[in-house]
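Numbered continuously in numbering that gives the first Met the number 0, the sequence shown closes out at residue 275.
A virtual CB, placed ideally from N, CA and C, is assigned to each residue, including glycine.
Nothing here was measured: the structure is a model prediction, and the numbers come from that model.
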Amino acid sequence: MYDNLANLKGNRLIGKNVIVTGAGSGETGYGIGQAIAILFASQGAKVLVVDLDKHRGERTVDTILNIDGIASFYLADITNSDECKNVIDCTINNYGSLDILINNVGVRGLGSVVDLDENEYKNVLDVNLNSMVSMSRYAISAMLENGAGSILNMSSFVAMRSGGFGPAIPYALSKAGVIALTQQMCHDHGPDGIRVNCIAPGHVYTSMVEDRVDKKLRDLRRKAAPLQTEGTAWDIAWAALFLSSDEARWISGITLPVDAGLLTASPISMLDKLTN
Numbered sequence: 000m001y002d003n004l005a006n007l008k009g010n011r012l013i014g015k016n017v018i019v020t021g022a023g024s025g026e027t028g029y030g031i032g033q034a035i036a037i038l039f040a041s042q043g044a045k046v047l048v049v050d051l052d053k054h055r056g057e058r059t060v061d062t063i064l065n066i067d068g069i070a071s072f073y074l075a076d077i078t079n080s081d082e083c084k085n086v087i088d089c090t091i092n093n094y095g096s097l098d099i100l101i102n103n104v105g106v107r108g109l110g111s112v113v114d115l116d117e118n119e120y121k122n123v124l125d126v127n128l129n130s131m132v133s134m135s136r137y138a139i140s141a142m143l144e145n146g147a148g149s150i151l152n153m154s155s156f157v158a159m160r161s162g163g164f165g166p167a168i169p170y171a172l173s174k175a176g177v178i179a180l181t182q183q184m185c186h187d188h189g190p191d192g193i194r195v196n197c198i199a200p201g202h203v204y205t206s207m208v209e210d211r212v213d214k215k216l217r218d219l220r221r222k223a224a225p226l227q228t229e230g231t232a233w234d235i236a237w238a239a240l241f242l243s244s245d246e247a248r249w250i251s252g253i254t255l256p257v258d259a260g261l262l263t264a265s266p267i268s269m270l271d272k273l274t275n
């Protein structure tokens, strides 16, 4: 999909300055953060690509520059609150203001409450949830200067339906926390003109999962949802574009499943599809 990135061109984010965390590119294919950064830049935004991997982050920036977009890279470990502040300061220094924050960074975390690794558990919460708290804290301070802003947090369908990845307490708990964080920030900062929304992706095939999802599993994941089609990072990016744009000016506090209808499927109907 979108072999010709020039086809993404539009004007829905002209004049907007954006931070996308976890926006480095995969070795092959597209990750969610990468697709969001490319699409937003294609729609006229100035984008700060934030990632812990310099090579991958700069590769996303190069892709944007090659399609005449505006982007720069910032290397940061956003589990460190001071580095989160530095990310915001860099955006202000480079672009003058901050309009949109995409809290996209995330890692997997497996295990039940009985057999989870405590260090991994704490790390998953730090990356998937606590980093969003820190990034949002400093972003909101900057957005108050504009009198408006938009924050979009990335959760998962696993936060709403158990068993999607097998035993995954660290991941599921962190992603459920993202939904609660979204709702509370919407309530707290709506009077300041700041919208806060959330996306819960379903079984999306991205560069993050391609090394552990073979063709058989891809087919099973596809069949589990009513649309019976496979999602990509671009499906999430287009939803993110809408929720971040002025077209969604009266939308705040929602969690939007982008999952081919997976959350509506009953376990019985899913079992029937998977066994026939």
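Simplified DSSP assignment, three categories, for ASN102: Counting from 1 along the sequence shown, the entry for residue 102 is found at position 103. ASN102: strand per DSSP, three-state reduction.
Sequence-distant residues of its chain with Cβ nearer than 6 angstroms to GLY146 (five each side left out): Here residue 146 corresponds to residue number 147 of the sequence shown, with the count starting at 1. Taken in chain order, the residues that qualify are GLY192.
From PHE241, THR228, ARG194, LEU180, residue whose alpha carbon lies closest to that of GLY201: Locating residue 201 in the sequence shown gives position 202, where the first residue counts as 1. Taking only the C-alpha atoms, the option nearest GLY201 is THR228.
Alpha-carbon to alpha-carbon, LYS222 and ILE35: Counting from 1 along the sequence shown, the entry for residue 35 is found at position 36. Counting from 1 along the sequence shown, the entry for residue 222 is found at position 223. Cα-Cα distance, rounded: 26 angstroms.
Exposure of PHE241, with buried meaning 16 or more beta-carbon neighbours within 10 Å: Residue 241 sits at position 242 when you count from the first residue of the sequence shown. The residue in question, PHE241, is exposed, as its Cβ has fewer than 16 Cβ neighbours within 10 Å.
Contacts around TYR94, its chain only, beta-carbon distance under 7 angstroms, and the 5 residues preceding and following it disregarded: One-based indexing of the sequence shown puts residue 94 at position 95. Cβ neighbours of TYR94 beyond the five flanking positions: ASN16, LYS45.
With 16 other Cβ atoms within 10 Å as the buried cut-off, status of ASP218: One-based indexing of the sequence shown puts residue 218 at position 219. Looking at its Cβ environment, which holds fewer than 16 other Cβ atoms inside 10 Å, ASP218 is exposed.
Among THR78, CYS83, VAL106, nearest to ASP125 - alpha-carbon criterion: For the purposes of this step, residue 125 is identified with residue 126 of the sequence shown, where counting begins at 1. The residue with the shortest Cα to Cα distance from ASP125 is THR78.
Simplified DSSP assignment, three categories, for ASN145: Position 146 of the sequence shown holds residue 145. Note: ASN145 maps to coil in three-state DSSP.
3-residue-minimum beta strand (DSSP E) runs that sit fully inside the stretch 181-261, ordered along the chain: Taking only runs of at least 3 residues, the beta strand (DSSP E) segments lying wholly in the stretch 181-261 are 193-200, 254-257.
Between the CA atoms of ILE37 and TYR170 - distance to the nearest angstrom: Position 171 of the sequence shown, counted from the start, is the residue given in the question as residue 170. Position 38 of the sequence shown, counted from the start, is the residue given in the question as residue 37. When rounded, the distance between both Cα atoms is 26 angstroms.
Sub-7 angstroms separation of GLY9 and GLN33 beta-carbons: Locating residue 9 in the sequence shown gives position 10, where the first residue counts as 1. Locating residue 33 in the sequence shown gives position 34, where the first residue counts as 1. In this structure, GLN33 does not lie closer than 7 angstroms to GLY9 by Cβ.
Element boundaries [alpha helix (DSSP H), containing ASP280]: The structure shown does not extend to residue 280, since the chain spans only 0 to 275, so no value can be given for it.
Residue from ALA232, THR254, LEU115, SER243 with nearest C-alpha to THR181: The sequence position of residue 181 within the sequence shown is 182, counting from 1. It is THR254 whose Cα lies nearest to the Cα of THR181.
Rounded separation between GLY305 and ASN127 - CA only: Given that the chain is displayed from residue 0 to residue 275, the structure contains no residue 305 and the question cannot be resolved.
Span separating the alpha-carbon of LEU100 from that of GLY165: The residue labelled residue 100 in the question sits at position 101 within the sequence shown. The residue labelled residue 165 in the question sits at position 166 within the sequence shown. Looking at the two C-alpha atoms, the distance is approximately 31 angstroms.
Cβ-based neighbour list, TYR73, same chain, cut-off 6 angstroms, excluding 5 preceding and 5 following: Within the sequence shown, residue 73 is the residue found at index 74, counting from 1. LEU47, VAL49, VAL86, CYS89.
Three-state secondary structure (DSSP) of ALA70: By one-based count along the sequence shown, residue 70 stands at place 71. ALA70: strand per DSSP, three-state reduction.
Cβ-based burial, ASN196 [other Cβ within 10 Å; buried from 16]: Translated into the one-based positions of the sequence shown, residue 196 becomes position 197. Buried, by the Cβ-count rule.
Alpha carbon of LEU139 to alpha carbon of GLN183, nearest angstrom: Working through the sequence shown from its first residue, we reach residue 139 at position 140. Working through the sequence shown from its first residue, we reach residue 183 at position 184. Inspection of the sequence shows that residue 139 is occupied by Ile rather than by Leu. Near 14 angstroms, if we compare the C-alpha coordinates of GLN183 and ILE139.
Burial state of ILE235, where buried means 16 or more other Cβ atoms lie within 10 Å: The residue labelled residue 235 in the question sits at position 236 within the sequence shown. With 16 or more other Cβ atoms within 10 Å, it is buried.
Sequence-distant residues of the same chain with beta carbon closer than 6 angstroms to LEU7, five excluded per side: Working through the sequence shown from its first residue, we reach residue 7 at position 8. Cβ neighbours of LEU7 beyond the five flanking positions: LEU38, SER41.
Close beta carbons around LYS84, own chain, < 7 angstroms, minus the five adjacent residues each side: Looking up residue 84 in the sequence shown gives position 85. Answer for LYS84: TYR137, listed in chain order.
Buried versus exposed call for LEU226 [16 or more other C-beta atoms within 10 Å across all chains shown]: Looking up residue 226 in the sequence shown gives position 227. Label assigned to LEU226: exposed.
C-beta contact flag for GLY30 and THR231 at 7 angstroms: The residue labelled residue 30 in the question sits at position 31 within the sequence shown. The residue labelled residue 231 in the question sits at position 232 within the sequence shown. No, the pair does not count as a contact, with Cβ atoms beyond the cut-off.
Separation of ALA5 from GLY110, as counted between CA atoms: As a first step, residue 110 is located in the sequence shown; it is residue number 111 there, counting from the start. As a first step, residue 5 is located in the sequence shown; it is residue number 6 there, counting from the start. Their Cα atoms are separated by approximately 42 angstroms.
Assigned secondary structure, THR90 (DSSP; H/G/I helix, E/B strand, else coil): Along the sequence shown, one-based indexing puts residue 90 at 91. In this structure, THR90 counts as helix in the three-state DSSP scheme.
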